[in-house]
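Read left to right, the sequence shown gives residues 0 to 503 (numbering that gives the first Met the number 0).
Even for Gly, the Cβ is constructed at its ideal location relative to N, Cα and C.
No experiment lies behind these values; they were computed from the predicted model shown.
To start, the structure itself, in structure tokens.
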Amino acid sequence: MMAYLGAALASFASLEVLIGLFVGVVGGMIIGIIPGLGPSVGIALLIPISFSMSPTAALVMMTAMYTTGVYGGSITAVLCHTPGTAASAATTMDGYELTKQGHGMEAITVVTVASVFGGLVGAICLILFAPILGRISLMFSCLEYFLVACFGLLVVSGLTGENKAKGIFSALLGLLIGCVGMDKISGVPRFTFGQLWLEDGLDSTPILIGLFSITQVLYLVDKLLKGTGNTIVDDPAAGLQGKRWTKGNTKKLAPTMLRSSVIGSFIGFIPAAGCSIAAWISYSISKRISKTPEEYGKGSVIGIAASEAANNAACGGAMIPLFTLGIPGSPVTAILYGAMLMHGLQPGSSLFKGNQAVTTYAIFLGFLFANLLMGVIGVSMAKQMAKICLVPNSLLCPIIVALACIGTFALANSMEEVVIMLAFGVLGYLMKIFGFEPAPLVLGVVLADILEANFRRALIMAAAKGGLINYFFSRPVSIIIFIIILIFAFAPAIVRMIAKKVNA
């Protein structure tokens, strides 16, 4: 492998590859900032441009856009409560609160450092362990996907805020909304009320944009009308006066970033899980094991680091089954799969042998270099990004709405998606007024299809194996995941019982 890595490194002496790397990094950051677009749209737009490029330059450019697109979505999530991608939604929980406290520069820096750290861990896993982990991912089937989704649903308990009943209600509402559309198993339309455009179901992206972006716009407009706030923060200049990196952050954040990166890489290489679920699970685990869980949701830098390290690490993890098995587990990797075939790269063991191995490892190194370049640009631009705190809400609100509408319309060239986004924006505003958390609802929508479809497929497969119980005990990976779920669910209660006995 070292010989292949040496030859792959020599590929970066090519001006074409370096230009592709730079275009992917900068383009990904820009397109990630626009709500609704994200890396999938950006990579799709790059495919026609890449026709005349070498496979190495083209795939380096696209994979660079993948990881930096996820990072770009977190910039607006932190600065104006507008996540550009679903993977950045968890970051709004603490990132925006930190910005409101006048620490916008520090929030952006923590996001950047955690994203780079997670991206590097994902890249290292991709370079060193891709063939091994690729074989492990073959052990996952619909029952394992269902159990991973159940594990994701447990995250709701960490996102419910002060009122757990309202949080659970939001999650159940999200699961119900996720059932809208054509049943993928039986082909029967559900909750469509005779509307053909609802048969495809409700995409989670317009819902996410509505609940976070449009809701935030309505909140800012309300503050404007009441005369209680002309900018995001009470003192706009405060966001530029803070430090980029507070003393002690390195020691405080390093364990969280390492743990979250490992979690993100693992969840990333499970097809159908994705960056969004990785971010939420990592955030919830970090909150559960924290000695100060009350700080989460109120501007915790550890909370930001947990979600950001995980979602960028998941990018590297998601490419492992793509390159080793040809299994795309998300819309982004599905587009990358098409791009690989277009450039004559057939996923599988052949990519790690002979001349193709040099191209493959050059793409992996490009992914690693993209994260480093992203970090340099992100940290150096932190002060300029934080200047969004200076923009009056009267200008910022129309910009957010315009970008949200453009990004949502671009998803399917459909005004129905824009209407859905606006409707959920109003719903989110009402939820905010009455104390309901939007995060569990978003997670419920994301997990609904994974939960239902994979559980029903598992039942069909189990019927030929003597029933679900027999099928479950015949799959060691399912047993391991189930044990992890039980530990995660009952650990807090067990810890409290032990603490009471010790104190008694």
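| Check | Outcome |
| --- | --- |
| Measuring alpha carbon to alpha carbon, tell me which of I206, R474, V110, S283 ends up nearest V418. | I206 |
| Pick from G103, S349, A85: whose alpha carbon is nearest that of K386? | G103 |
| DSSP three-state call for M380: helix, strand or coil? | coil |
| Among T84, L450, G316, which residue has its Cα nearest to the Cα of C178? | L450 |
| Identify every residue that forms a DSSP beta bridge with R189. | G180 |
| In chain order, what residues of the same chain have a beta carbon less than 6 Å from the beta carbon of A148, not counting five sequence neighbours either side? | L446, I449, L450 |
| Tell me where the alpha helix (DSSP H) around T67 begins and ends. | 54–79 |
| Near I398, what residues of its chain come up, given a Cβ to Cβ distance below 7 Å and the 5 sequence neighbours on each side ignored? | none |
| Which residues in the same chain have their Cβ closer than 7 Å to the Cβ of V40, if we skip the five residues on either side of it in sequence? | I30, A409 |
| When DSSP labels each residue in this structure, what does G117 get in the three-state scheme? | helix |
| Is DSSP giving R134 helix, strand or coil here? | helix |
| Please state whether DSSP places K163 in a helix, a strand or coil. | helix |
| Counting only runs of 4+ residues fully inside the segment 90–116, write out the alpha helix (DSSP H) ranges in chain order. | 91–99 |
| Beta carbon of I362, beta carbon of T75: below 8 Å? | no |
| Any idea what DSSP makes of I478, helix, strand or coil? | helix |
| State the DSSP-derived secondary structure class of L371, mapped to helix, strand or coil. | helix |
| Could you check what DSSP says for K464 in three-state terms: helix, strand or coil? | coil |
| Which value, in whole angstroms, describes the spacing of the CA atoms of L146 and M138? | 13 Å |
| What is the DSSP secondary structure of Q215, counted as helix, strand or coil? | helix |
| Determine the direct distance from the alpha carbon of L350 to that of Q344, and round the result to whole angstroms. | In the sequence as presented, Gln is not what sits at residue 344; that position holds Leu. Taking the straight line from one Cα to the other gives about 7 Å. |
| In chain order, what residues of the same chain have a beta carbon less than 7 Å from the beta carbon of F6, not counting five sequence neighbours either side? | Per the sequence shown, residue 6 should be read as Ala rather than Phe. Excluding sequence neighbours, A6 sits near V357. |
| Quick one: measure Cβ to Cβ for G443 and L174, integer angstroms, because I've assumed they're closer than 8 Å. | 4 Å |
| List in chain order: all unbroken alpha helix (DSSP H) runs of 4+ residues lying wholly within the segment 300–333. | 300–324 |
| Along the chain, where does the alpha helix (DSSP H) that runs through S275 open and close? | 273–288 |
| Could you tell me the alpha carbon to alpha carbon distance between S73 and P38, rounded to whole angstroms? | 13 Å |
| Taking three-plus beta-carbon pairs below 8 Å as touching, is the segment 52–59 in contact with the segment 7–16? | yes |
| Using only the alpha-carbon positions, how far apart do N453 and G101 sit? | 45 Å |
| Distance, Cα to Cα, P254 vs L20? | 30 Å |
| Could you spell out the range, first to last residue, of the alpha helix (DSSP H) harbouring E436? | Where E436 is concerned, there is no enclosing alpha helix (DSSP H), given that its DSSP letter is neither H nor E. |
| Tell me whether the beta-carbon of I135 lies closer than 8 Å to the beta-carbon of T407. | no |
| In chain order, what residues of the same chain have a beta carbon less than 8 Å from the beta carbon of I484, not counting five sequence neighbours either side? | L146, C149, F150, L153 |
| Can you tell me the Cα-Cα spacing of G353 and G267, whole angstroms? | 27 Å |
| Does the beta-carbon distance from S329 to A305 come in below 8 Å? | no |
| Rounded to the nearest angstrom, what separates F265 and M430 at their Cα positions? | 34 Å |
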